[in-house]
Amino acid sequence: MKVIVTVKRVIDYNVKVRVKADGSDVDLNNVKMAMNPFCEIAVEEAIRLKESGVATEVIAVSVGPKACQEQLRTALALGADRAIQVESDEQLESLNVAKLLAKVIEQEQPGVVILGKQAIDTDNNQTGQMLSALTGMAQGTFASKIDIQGDKALVTREVDGGLQTIELAMPIIATTDLRLNEPRYASLPNIMKAKRKPLEVKTAEELGVSIKAHTKLLSVGAPAERKAGIKVADVAELVDKLKNEAKVI
Amino acid sequence: MSVYRHPYKEADFVVRHLLAFDDFCRDNTLDDLNSDFCQLILKEAEKFAAHYLVEQNRQGDQQPAQLIAGKVIETPGFSSSYRAFIEQGWPSLSASEQYGGQGLPNLLAVACNEIWQSANLSFSLCPLLGQGAITAIERHGSTALKQRFLQKLVSGEWTGTMNLTEASAGSDLAAIKTRAVPEDDHYKIFGQKIFITWGDHQMSDNIIHLVLARLPDAPPGVKGLSLFVVPKYLVDEQGEPGIENDLRCISLEHKLGIHASPTCVMSYGDENGAIGYIIGENNYGLHYMFSMMNHARQGVGVQGLGVSERAYQAALEYAGNRIQGTDRAGNSLRIIEFGDVRRMLMLLKSATEAMRALCYYAGLETDKKNAVADNTEQSSQCAARIDFLTPIVKGWCTELTQELVSLAMQIHGGAGYIEEAGVAQLVRDARILTIYEGTTGIQALDLVKRKTLLDDGAQAKLMFAEIEQTLAQLRESPGCDVMYHNLNTALADGRAALSWLQANPGESSCVAVYYLQMWGYLTGGWLMAKSQLIASTLLANESPDSDYLQAKLVTTQFYAEHFLVRTSTCLASIKAGGDTMMSLSEQQFFSHVN
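Laid out in structure tokens, this is it:
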């Protein structure tokens, strides 16, 4: 059984994000980029499925410009067997990404597809769900446990009230939550092996997907700066301010 | 204390642009290596360091290794970090593939070592000594020794130590008294060694000690020293650690810094003699040790770089957050806005960048030598360059480190003097660097006598000629006039210093340190000048990272204005010669109290 795991190149979580001067977008020019942390969890889970003998091959897929090959190499260094980059220079919406991935799935026929539940740049939390709709594969989102049992899978989901376990018919799509696993570090011998692992580049055209924009980014602004606090004389004043100024109670 | 972040753009600039690593790989058919791959490795090294080593640095300072019931117990947590370190394969980075190593260039080892040493100097010394033991056995050991010891040293399952110093044999190894008595197929070792870094611990299954000792019929002095492999546990027929050897750590030193690195007094042969195996031939021990000397000494220069970078990052964070004073409009100011704090931050930034350029440059020279056949002209040219650079890398970088960590503390003000701020540990840890692996004085003597006067200044003149080429490029480049002028003056100072020393060789030992310092500022300045030229070209070609490149232009110019100019005071002190410093009688030193 093949496992496809998706990887997104995003701004490194250590970097303090800046908005472009014209407010058109976040400034990504020459800032440190890294693999989306939820994707790291997805890669880890895919490798564990292979190590436990459930999966035979792990394929890492990324949609993005050439630079995202760096994150694919990282996935290969962590233990993925091969990688596919779907070349795209534009910032794609989730639906376009899902359509491209659906084509890759059609070609590769994986038993399990694992995605991060969201990427820390745009926080959309859409691609996994859309991909499920497009492929007709069952979905288990926000997974904190994935247990493959032959032709079915048990996925434990992190829902508001606690944990929900669902049974899905294979093949499945899972999206990862934080507690699914703790990602490993790439070992030096595996980084060396990653150099020789195949990395294939495809285009939207080759996949027969036409990219369509459905939304337009109008502006991006930095969060308002926090104002200095004030001292209140007593509890009564505090309650009054919470009620009438902050309007939170 | 701030978190440590690897200066990956700096490392990439030096590797990719200043050293043209991709060209080196292509020319030497290292097909699948390049700067991108180097970045991939460094990023993973940073992740490892951030997770395992950075926090433990503080813990190691506060909970040093302890000697309990004859065993050295390392700082809590170090053992699991070390286990992870070997599981991830980091000790094998530059070791040869024949023994399970990855065979990567020395430059990558240098760049990774910088990360380990920024993160946790004490921890990093343990695998570093293993690298030394690997080199000695691989280069000079018999096939049997290689088979028995190398694989597990390369994997890091076993660690290594270097045993040279004795109570009365420090810089002068001729005074070594440890004895080696032949018996069957091995030797019995008797004697006491001091200052043995990581001489005992519980992190690995075995510890392989390399010990300098004297055979019964050996000639006196340094020509009578042989090198022995003395394992903590004798290796059984399955290649596993077996019976305990007759050696132990009898005491740990209480040190100013690097607390987590146990500095052991080692006693060999208290009962019937510790079993050891000779490396190479009788009486060639010091010769073999010297073959590792360049590597070890450059390694200490890199330690200076690592600690300086960490100190710079700590100072930068503090300066950006600490609020003191107000401007005329009554707005509060962060201390990074004050001129004098800027001065100190720029000194830290520019010196650290120059040190990195020099350390990596010297590191790649080793790869260039390894890439050509031994005993060729190219090989001896490379060797001469490496020999010349080594005392500069070791002496200059580590002396400069003292100034830099002190500045980093100064930026912290009173808080820096308090241990909780964390910068005090860096000041204490850094202090050993000008002392071990040959003091600055020893480095300077090596540079002036063996590396300069012995070849009639030939290598020094080759360096001058290369600097001259860079000057020609600077002259043609707009915006590089300050660098041109100051490098030109510094080069003239260098030439004047060489002529003076050649005319007054008898005074060289008195002024050697000034000569070493002069070479440090000059070679650092030369590499900063090259960096300035590269950054200008990249900017002219509209390379995207203009923020970083413009900062590079400013930083190199600042180096020219504030460090390169120091060659002139070095020259003045050299020319003053040794007369004044040697003219007092010993009695006169006490004339103020007698």
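One line per chain: the protein sequences are A and B, in this order. Numbering-wise, the working numbering comes out as the position in the first sequence, counting from 1, plus 416. Numbering-wise, the working numbering comes out as the position in the second sequence, counting from 1, plus 5. Idealized CB from N, CA, C, for every residue including glycine. Computed from a predicted structure; not experimentally measured.
Every unbroken alpha helix (DSSP H) inside the segment 393–468 of chain B [4 residues or more]: 419–422, 428–435, 445–450
Mapping the DSSP letters down to three states, classify L492/A as helix, strand or coil. Here residue 492/A is taken as the residue at index 76 of the first sequence, counted from 1. Three-state DSSP puts L492/A in a helix.
Under DSSP, the alpha helix (DSSP H) around S596/B begins and ends at which residues? The residue labelled residue 596/B in the question sits at position 591 within the second sequence. Unbroken run through S596/B: none, as it is neither H nor E.
With 8 Å as the limit, tell me which residues of the segment 95–106 of chain B have their beta carbon closer than that to any beta carbon of chain A; keep them in chain order. W95, S97, L98
Bridge-paired residues (DSSP) for M417/A: For the purposes of this step, residue 417/A is taken as residue 1 along the first sequence, with counting starting at 1. Bridge partners of M417/A: none, in fact.
Using the Cα positions of K157/B and W163/B, report the straight-line distance between them to the nearest angstrom. For this step, residue 157/B is matched to residue 152 along the second sequence. For this step, residue 163/B is matched to residue 158 along the second sequence. Approximately 6 Å, taken between the alpha carbons.
Verify the CB distance criterion: does Y601/A have a CB-CB separation below 8 Å to chain B? If you number the first sequence from 1, residue 601/A lands on position 185. Interface residue, yes.
Which chain A residues are close to F42/B, counting only those with a beta carbon under 7 Å from its beta carbon? Here the question's residue 42/B lines up with position 37 in the second sequence. The answer, in chain order, is K611.
Anticipated Cβ contact below 8 Å, F154/B with V234/B, distance rounded: Walking along the second sequence from the start, residue 154/B turns up at place 149. Walking along the second sequence from the start, residue 234/B turns up at place 229. About 6 Å separates the two Cβ atoms, so the contact holds.
Under three-state DSSP, which class holds E583/A? By one-based count along the first sequence, residue 583/A stands at place 167. In this structure, E583/A counts as strand in the three-state DSSP scheme.
Sub-8 Å separation of L494/A and R600/A beta-carbons: The sequence position of residue 494/A within the first sequence is 78, counting from 1. The sequence position of residue 600/A within the first sequence is 184, counting from 1. Cβ distance < 8 Å, so L494/A and R600/A count as in contact.
9 Å Cβ cut-off: residues of chain B touching N446/A: Translated into the one-based positions of the first sequence, residue 446/A becomes position 30. Simply K14, P549, D550, S551, D552, Y553.
Could you check whether the Cβ of N452/A sits closer than 8 Å to any Cβ belonging to chain B? If you number the first sequence from 1, residue 452/A lands on position 36. False, the Cβ-Cβ gap to chain B never drops below 8 Å.
Can you find a CB in chain B that lies within less than 8 Å of the CB of R489/A? By one-based count along the first sequence, residue 489/A stands at place 73. Output row for R489/A: interface = yes.
May I ask you to report which of helix, strand or coil DSSP gives Y289/B? The residue labelled residue 289/B in the question sits at position 284 within the second sequence. Three-state DSSP puts Y289/B in coil, outside helix and strand.
Along the chain, where does the beta strand (DSSP E) containing L230/B start, and where does it finish? Looking up residue 230/B in the second sequence gives position 225. Here the beta strand (DSSP E) through L230/B covers 230–236.
Do N299/B and I391/B have their C-beta atoms within less than 8 Å of each other? Locating residue 299/B in the second sequence gives position 294, where the first residue counts as 1. Locating residue 391/B in the second sequence gives position 386, where the first residue counts as 1. In this structure, I391/B lies closer than 8 Å to N299/B by Cβ.
What first and last residue would you give for the beta strand (DSSP E) that runs through M449/A? Position 33 of the first sequence, counted from the start, is the residue given in the question as residue 449/A. From DSSP, the beta strand (DSSP E) with M449/A extends over 449–451.
Bridge partners - H214/B, DSSP secondary structure assignment: Translated into the one-based positions of the second sequence, residue 214/B becomes position 209. DSSP output for H214/B lists T166/B, V235/B as bridge partner(s).
Mind listing the chain B neighbours of N430/A? Cutoff is C-beta to C-beta under 7 Å, in chain order. Counting from one through the first sequence, the residue named residue 430/A turns up at place 14. Result: R10.
Beta-carbon within less than 8 Å of T472/A's beta-carbon, same chain only, minus the 5 sequence neighbours each way: which residues are those? Locating residue 472/A in the first sequence gives position 56, counting from the first residue. Correct list, in chain order: M417, K418, K466.
Find the residues of chain A that neighbour E49/B, judging by a C-beta separation of less than 9 Å, and give them in chain order. The sequence position of residue 49/B within the second sequence is 44, counting from 1. Within 9 Å Cβ-Cβ: T490, A493, Y601, A602, S603, L604, I607.
Could you tell me which residues DSSP puts in a beta bridge with L49/B? The residue given as residue 49/B occupies position 44 in the second sequence. Per the sequence presented here, residue 49/B reads as Glu, with Leu not at that position. Bridge partners of E49/B: none, in fact.
Sorted by chain position, which residues of the same chain lie with C-beta nearer than 7 Å to A559/A's C-beta, five sequence neighbours on each side aside? For the purposes of this step, residue 559/A is taken as the residue at position 143 of the first sequence. Once the five neighbours on either side are set aside, the close Cβ partners of A559/A are V571, T572, R573, A590, T591, T592, D593, L596.
Can you list, in chain order, the residues of the segment 50–83 of chain B whose Cβ is nearer than 8 Å to any Cβ on chain A? K52, F53, H56
Among R480/B, L431/B, A74/B, which has the Cα closest to the Cα of S127/B? For this step, residue 127/B is matched to residue 122 along the second sequence. Closest option to S127/B, Cα to Cα, is L431/B.
Identify each residue in the segment 239–251 of chain B for which the Cβ-Cβ distance to at least one residue of chain A is less than 9 Å, and report them in chain order. none
Identify every run of the beta strand (DSSP E) within the segment 245–281 of chain B, keeping only runs that are complete inside it and at least 3 residues long; order them along the chain. 246–249, 252–257, 268–273
Can you tell me which of the three DSSP states E503/A falls into? For the purposes of this step, residue 503/A is taken as residue 87 along the first sequence, with counting starting at 1. Reduced to three states, the DSSP call for E503/A is strand.
Just the C-alpha distance for K659/A and E653/A, rounded to the nearest angstrom, thanks. Position 243 of the first sequence, counted from the start, is the residue given in the question as residue 659/A. Position 237 of the first sequence, counted from the start, is the residue given in the question as residue 653/A. Each residue's alpha carbon lies about 10 Å from the other.
Closest by CA to F469/B, which one among G583/B, K182/B, I213/B, M523/B? Looking up residue 469/B in the second sequence gives position 464. Closest option to F469/B, Cα to Cα, is M523/B.
Verify whether the separation of the beta carbon atoms of I530/A and M553/A is less than 8 Å. The sequence position of residue 530/A within the first sequence is 114, counting from 1. The sequence position of residue 553/A within the first sequence is 137, counting from 1. For I530/A and M553/A, no; Cβs fall outside 8 Å.
My guess is that E608/B and M208/B are in contact by the Cβ rule of under 8 Å, so how many angstroms apart are they, rounded? Beyond the ends of chain B as shown, which are 6 and 599, falls residue 608/B; an answer cannot be given.
Where the beta strand (DSSP E) containing R184/B begins and where it ends: Taking the first residue of the second sequence as 1, we reach residue 184/B at position 179. Element bounds for R184/B: 184–188.
Nonlocal neighbours in the same chain, by C-beta distance under 7 Å from L438/B, ignoring five residues either side: Locating residue 438/B in the second sequence gives position 433, counting from the first residue. So the qualifying residues of the chain are V305, Q308, G309, T403, T406.
L38/B: buried (16+ other C-beta within 10 angstroms of its C-beta) or exposed? The count along the second sequence starts at 1 and reaches residue 38/B at position 33. Result: buried.
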